[in-house]
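Protein chains in written order, with this note's numbering: chain W, 1 to 524; chain X, 1001 to 1524. What follows is a set of notes on a single structure, which appears directly below.
2 protein chains.
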Amino acid sequence: MAEELFKEFREHSVSEFFRKNAAMLGYTGKIRSLTTIVHEGVTNAIDAAEEAGVLPKVNVIIKRVNEEPEHFKIVIEDNAAGIPKEYIPNVFGKMLAGTKLHRYMQSRGQQGIGISGSVMYGQITSGKPTTVVTSTGNGEIVRADVMIDVDRNEGKILNEEKFKGKWQGTRVEIDAKDVSYMRSRYGPFNYLRMTAIANPHTHITFVEPDGTLTVFERGTDKVPERPKPMPLHPWGIMSDDLLVLAKHTKGRTVASFLSAELSRVSKRKAEEVCRLAGISPNKKPSELTWEEAERIVSAFKQVKLYAPPTSGLRPIGAVDIENGMRKILNPEFTYSITRPPKVYRGGLPFIVEVGIAYGGNAGKVAEGKGEGEEGENEVGMELVRFANRAPLIFDQGGCAITAAIRSIEWRRYGVDPATAPITLFVNVVSAYVPYTSAGKQSIADEPEVLNEIRAAVMEAARELRRFLYRRIRLKERQERAGIFEQYLPIIAKKAAVLAGVKEPDIKLLLKKVTGVEHAKEGEN
Amino acid sequence: MAEELFKEFREHSVSEFFRKNAAMLGYTGKIRSLTTIVHEGVTNAIDAAEEAGVLPKVNVIIKRVNEEPEHFKIVIEDNAAGIPKEYIPNVFGKMLAGTKLHRYMQSRGQQGIGISGSVMYGQITSGKPTTVVTSTGNGEIVRADVMIDVDRNEGKILNEEKFKGKWQGTRVEIDAKDVSYMRSRYGPFNYLRMTAIANPHTHITFVEPDGTLTVFERGTDKVPERPKPMPLHPWGIMSDDLLVLAKHTKGRTVASFLSAELSRVSKRKAEEVCRLAGISPNKKPSELTWEEAERIVSAFKQVKLYAPPTSGLRPIGAVDIENGMRKILNPEFTYSITRPPKVYRGGLPFIVEVGIAYGGNAGKVAEGKGEGEEGENEVGMELVRFANRAPLIFDQGGCAITAAIRSIEWRRYGVDPATAPITLFVNVVSAYVPYTSAGKQSIADEPEVLNEIRAAVMEAARELRRFLYRRIRLKERQERAGIFEQYLPIIAKKAAVLAGVKEPDIKLLLKKVTGVEHAKEGEN
């Protein structure tokens, strides 16, 4: 019986797995699928430009193919360093492969799945390869058509040509069916708009299927500092991490291994830890046992160490968040904060940034419900989520950011979330954003991350409350002043008649009343 | 520059990917991680027993290791067909491998990731292998310690012993740290309780860390019909699916391939489709081009076909749902429905079942908020979600079931979800449940699935409304009857005194009034 049942035992490639479960990568619904392709292309483009140390310039074109209703070509072009020819098949055709997935560095992508997933989605819906045009700036431009061999999780090049030309960057053209274009909250336009808000150093042009060109100009011309790799900190690792590092290190002794692979660990500190753990500092790292690794991890908790480095993290910054919100929402009030770095799971650093905008165009627009989103009200407080500056548009319900916002008693801040014209902007920055799924649209609720988001939003909400109270008081004062203005002249006139004197000039008096009122405002 | 950057290009195994992103498999938070291990073991156990055609009997033991606070051994034992020795490394140590992932059959597991994920979680937190004891009933029992070689995504056996014994089944022992045990809504106890409700044919025993034994008895002794493989239906496939099938088929011509690999396609129908698509029915399947596949897919939409087969689907059934809810919740009112099969994406069949319970112990319990869940109120309507009878405990916010429930205007049904003592039970049955992530705790909102859940819940809600209105009318009637009973004797006495006659016997009259009222009830 068992033998019979196990005849069915098979193995799948990771590409085949995601082919069958494309929803896990965000390919669910026609609008979301199109936005997901744009998202993967654009995050790669900005990451690549930042790594190359240039101001990102991204061009996105979405055009219909053969006038078919649900068939589009999506073109995404960057001005980054280009891709050496020999890497093209693996960058675009192999999942779980890339330059980012093993480095401890803040980036939008981190899994080595995203763009290969888009190539696959194009391929399984249109049957067409993805066209890649790239040049490293050496005078030669390569143009290649890439498909994925799903059984083997390998990229293959169908056609390749080279031509001469002075250009540097990468252009990806994906042909996809079963997608549709809409200017809704869940469509590519809003995705790019949100990207522009969170990345004021990025120039984005967008051509919609009807030919409309939109340019999202830069808000700053400062070349962003390149994100820096940040080795793991001893407080954030488990025994298993330590053994994995030990297996691949170049350090020849445990002491040199610890100080080379972990942050904040000097050679002396490493020797102290070895002593505490009862391990010879000269032992070969590859010979460490599980028990020894556990002893090292717990010894690290007994020594003094600097907190994890956060110098490699690149938040947007409160000023740029505020400028972005003002430009787009034209609100009556804004407040932004970039909080100091915190750590979760002991030693993984992250930063939370929050912006709040009230009035103007802030708050949800009462538009039709988007495809692929929960049945929530479309008025009231709007939540705009980002992770490492990449917009999170989908899976809002399951995200730690949403949970943090929901856990706040908004009435205490004089706000009814169901009706208030508020836009809340939250960005979580980390080299290790704990996403809940490979689709990377939702952050797992690690307690420290959730609490930090909560604290940051409450700080912003307190400022909003102050503004709202001030506004109420101002309004009351204006009403009071209005009463004076309305009745003082009449009283003056009547009084003059009764007293049989000339009507006094009350302008000065009125001004005085207002002046006193203004002086009072300053006290509060 | 580009060459420099791409020196960092690496490839990861799927095990390494999920090691770094364990949250995607549900390993996030200490309670959830423990429940996830129980979930993976128990779904495998029940699936295996059903496949072997036996009544499932599952024993679960969770015990502390060395009195350490966050260190447990989780033991899950089934009475299924056992695992042939040579498959042990791959079943427990290789991700994306299994007997279920390529078959179109309803099962709780379907990815070939789950139990390997638990083995990995145990290994990376405790450093210990998973112990597997299994026998196919041939008189030989195998006991093996399995670990995962994460770099290669391969299982390896550390120790293996064989001994004689008459037993059949599999016992898995996972040693895990960084987990904690609680009897909360998110803990293993509630998981098993929900499993028992949805699987009345399954006998479950559970020993908690403090030694408490709980037995969830069977509600029925009927051996469940074995789930049947259901080939894909032509309406539910894309060109790409067709080419993948064509690549692996044994059919030698396109016509025989189509009728062999797809459901509801006779040889004659296949030939008709070839004719419509302008393709020779004798062509080799492996030579089909993308364009030809597209023509075949669209030709299938022009011919008459029976709807997709649904005979392989195994819903719980309205009677068993109702019995389960009555047993556990002791409600004033219940109503259950198993709706007829529907399809999504054109041809993927599914069934929605809904049960509603009102009063008694129905509704949320006002307990402390569980770890790893959104900040929702813990009173009011309780939602209990299942997919193929496996409880979905986490990621409620992002699930199509939640979205469907939220989209209903409950006031129309006389219900305030924030306070009503209601438990809603929803089970989605399919050979292809569209999960949003590899953690399989949330269903993607495919429009047809969402609408069907909505329709089913609304049907149940209408019945609830009828009950609530009847109850209100009954209460009014009782109040009215109360007034009669109170005042009629007094009126009769006073009237008799005034008229100077003997007081009449009003018992008959009172009875008549009540009788009339009862007759009226029947009319509505």
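Where is the CB? At the ideal position from N, CA and C, for every residue including glycine.
Residue ranges of each alpha helix (DSSP H) run of no fewer than 4 residues wholly in the segment 76-138 of chain W, ordered along the chain? 88-93, 114-126
Among the residues of its own chain, which have a CB less than 7 Å from the CB of W:P421, if the five just before and after it don't count? The count along the first sequence starts at 1 and reaches residue 421 of chain W at position 421. Correct list, in chain order: Y358, G359, A362, G363.
Pick from X:T1035, X:I1037, X:A1022, X:R1226: whose alpha carbon is nearest that of X:L1055? Here residue 1055 of chain X is taken as the residue at index 55 of the second sequence, counted from 1. Checked all of X:T1035, X:I1037, X:A1022, X:R1226; the closest Cα to X:L1055 is X:R1226.
Whole angstroms are fine: how far does the CA of X:F1300 sit from the CA of X:V1273? Sequence index remark: in the second sequence, residue 1273 of chain X carries index 273 (1-based). Sequence index remark: in the second sequence, residue 1300 of chain X carries index 300 (1-based). Rounded to whole angstroms, X:V1273 to X:F1300 spans 6 Å at the Cα level.
For the segment 1288-1319 of chain X, list every residue whose C-beta sits within 9 Å of some C-beta in chain W, in sequence order. T1289, W1290, E1291, A1293, E1294
Return the CA-CA distance between X:E1068 and W:A460, expressed in angstroms with no decimal places. Taking the first residue of the second sequence as position 1, residue 1068 of chain X is located at position 68. Taking the first residue of the first sequence as position 1, residue 460 of chain W is located at position 460. So the alpha carbons of these two residues sit roughly 42 Å apart.
Which residues of the segment 424-437 of chain W have a Cβ closer than 9 Å to any Cβ of chain X? Give them in chain order. Among the residues of the segment 424-437 of chain W, those with a Cβ less than 9 Å away from any Cβ of chain X are Y432, P434, Y435, T436, S437, in the order of the chain.
Taking the alpha carbon of W:I74 as the point to measure from, which residue in W:P84, W:P229, W:I115 has its own alpha carbon closest? For this step, residue 74 of chain W is matched to residue 74 along the first sequence. Comparing Cα positions, the closest option is W:I115.
Under 8 Å by beta carbon: chain W residues contacting X:S1442: Here residue 1442 of chain X corresponds to residue number 442 of the second sequence, with the count starting at 1. By Cβ distance, chain W contributes G398.
May I ask you to list, following chain order, the residues of the segment 60-93 of chain W that have a beta carbon less than 8 Å from some beta carbon of chain X? A81, G82, I83, P84, Y87, N90, V91
Express the C-alpha separation of X:E1382 and X:E1409 in angstroms, rounding to a whole number. Against the second sequence, residue 1409 of chain X aligns to sequence position 409. Against the second sequence, residue 1382 of chain X aligns to sequence position 382. When only Cα atoms are considered, X:E1409 and X:E1382 end up about 16 Å apart.
Would you mind telling me which residues of chain W sit closer than 8 Å to X:L1262, beta carbon to beta carbon, in chain order? As a first step, residue 1262 of chain X is located in the second sequence; it is residue number 262 there, counting from the start. The premise fails here: X:L1262 is roughly 17 Å from chain W at the closest Cβ pair, so nothing lies under 8 Å.
Cβ-based burial, W:V254 [other Cβ within 10 Å; buried from 16]: The residue you call residue 254 of chain W lines up with position 254 of the first sequence. With 16 or more other Cβ atoms within 10 Å, it is buried.
Buried versus exposed, by CB contacts within 10 Å (16 or more), X:F1163: Counting from one through the second sequence, the residue named residue 1163 of chain X turns up at place 163. So X:F1163 counts as exposed.
Is the Cβ of W:G370 closer than 8 Å to any Cβ of chain X? As a working mapping, residue 370 of chain W is identified with position 370 in the first sequence. Reliability fails at W:G370, whose pLDDT of 42 lies under 50, so the model's placement of it is uncertain and the value that follows must be treated cautiously. No - not a single Cβ of chain X is within 8 Å of the one on W:G370.
Compare the beta carbon distance of W:M147 and W:Q123 with 8 Å and say whether it is the shorter of the two. Taking the first sequence and counting its residues from 1, one reaches residue 147 of chain W at position 147. Taking the first sequence and counting its residues from 1, one reaches residue 123 of chain W at position 123. In this structure, W:Q123 lies closer than 8 Å to W:M147 by Cβ.
Please identify the residue among X:R1470, X:V1150, X:Y1027 whose C-alpha is closest to the C-alpha of X:Y1186. Residue 1186 of chain X sits at position 186 when you count from the first residue of the second sequence. Among X:R1470, X:V1150, X:Y1027, the Cα nearest to that of X:Y1186 belongs to X:Y1027.
Own chain residues within Cβ distance below 6 Å of W:R183, not counting five before or after: As a working mapping, residue 183 of chain W is identified with position 183 in the first sequence. Here the set comprises F189.
Chain-order list of residues whose beta-carbon lies under 6 Å from that of X:S1540 (same chain, five-residue window excluded): Absent from the model: residue 1540 of chain X. The displayed extent of chain X is 1001 to 1524, so no value can be given.
Measure the alpha-carbon distance for W:G380 versus W:D416 and round it to whole angstroms. Here residue 380 of chain W is taken as the residue at index 380 of the first sequence, counted from 1. Here residue 416 of chain W is taken as the residue at index 416 of the first sequence, counted from 1. Near 8 Å, if we compare the C-alpha coordinates of W:D416 and W:G380.
Given that a residue counts as buried once 16 or more other Cβ atoms are within 10 Å of its Cβ, and exposed if not, what is X:D1241? In the second sequence, residue 1241 of chain X corresponds to position 241, counting from 1. Buried, by the Cβ-count rule.
Using a Cβ-Cβ cutoff of less than 6 Å, which residues in the same chain neighbour W:P331 once the five nearest sequence positions on both sides are dropped? Residue 331 of chain W sits at position 331 when you count from the first residue of the first sequence. Hits under 6 Å: A357, Y358, G359, G360, A362.
Please list, in chain order, the chain W residues whose beta carbon lies closer than 9 Å to that of X:I1127. Start at 1 with the first residue of the second sequence, and residue 1127 of chain X comes out as number 127. Reading off the sequence, residue 1127 of chain X comes out as Gly, not Ile. Ordered by position in chain W, the residues that pass the 9 Å Cβ test against X:G1127 are S239, D240, L243, T289, W290, E291, A293, E294.
Excluding the 5 residues preceding and the 5 following W:V319 in the sequence, name in chain order all residues of the same chain whose CB lies nearer than 7 Å to its CB. Here residue 319 of chain W refers to the residue found at position 319 when the first sequence is read from its first residue. Result list for W:V319: empty, nothing under 7 Å.
With a cut-off of 8 Å, do at least 3 Cβ pairs link the segment 1076-1092 of chain X to the segment 1043-1058 of chain X? yes
Is it right to say W:P340 is buried, meaning 16 or more other beta carbons lie within 10 angstroms of its own, or is it exposed? As a position in the first sequence, residue 340 of chain W is number 340, starting the count at 1. Per the 10 Å Cβ criterion, exposed.
What span of residues does the alpha helix (DSSP H) with W:N323 cover, start to end? For the purposes of this step, residue 323 of chain W is identified with residue 323 of the first sequence, where counting begins at 1. Run containing W:N323: 318-329, per the alpha helix (DSSP H) assignment.
Output the distance between the C-alpha atoms of X:E1446 and X:G1324, rounded to the nearest integer angstrom. As a working note, residue 1446 of chain X is residue 446 in the second sequence. As a working note, residue 1324 of chain X is residue 324 in the second sequence. Cα to Cα, X:E1446 sits roughly 28 Å from X:G1324.
Interface residues of chain X facing W:T99 [CB-CB closer than 9 Å]: Taking the first sequence and counting its residues from 1, the one referred to as residue 99 of chain W is at position 99. Those are L1005, F1006, K1007, E1008, F1009, R1010, listed as they occur along chain X.
Short CB-CB distance (under 8 Å) between X:V1516 and chain W: The residue given as residue 1516 of chain X occupies position 516 in the second sequence. Note on X:V1516: pLDDT 44, under 50, position unreliable in the model; no value is reported.
Rounded separation between W:D151 and W:T134 - CA only: Walking along the first sequence from the start, residue 151 of chain W turns up at place 151. Walking along the first sequence from the start, residue 134 of chain W turns up at place 134. If you take the alpha carbons of W:D151 and W:T134, they lie about 27 Å apart.
Proximity test, Cβ basis, 8 Å: W:E154 and chain X: For the purposes of this step, residue 154 of chain W is taken as residue 154 along the first sequence, with counting starting at 1. No, its Cβ sits nowhere closer than 8 Å to a Cβ of chain X.
Any idea if X:Q1534 is buried or exposed, counting beta-carbon neighbours within 10 angstroms, 16 or more meaning buried? Lying before the first or after the last residue shown, residue 1534 of chain X is absent from chain X, which here runs from 1001 to 1524.
Among all the DSSP beta bridges, which residues are the ones paired with W:Y435? As a first step, residue 435 of chain W must be located in the first sequence, where it is residue number 435. W:Y435 is bridged to W:I443.
In chain order, what residues of the segment 1010-1025 of chain X put their CB closer than 9 Å to some CB of chain W? For the segment 1010-1025 of chain X, which is checked against every Cβ of chain W, the residues closer than 9 Å are R1010, E1011, H1012, S1013, V1014, E1016, F1017, R1019, K1020, N1021, A1023, M1024.
Checking contacts by CB at 8 Å: is W:M230 closer than that to chain X? If you number the first sequence from 1, residue 230 of chain W lands on position 230. So no, W:M230 is outside the interface.
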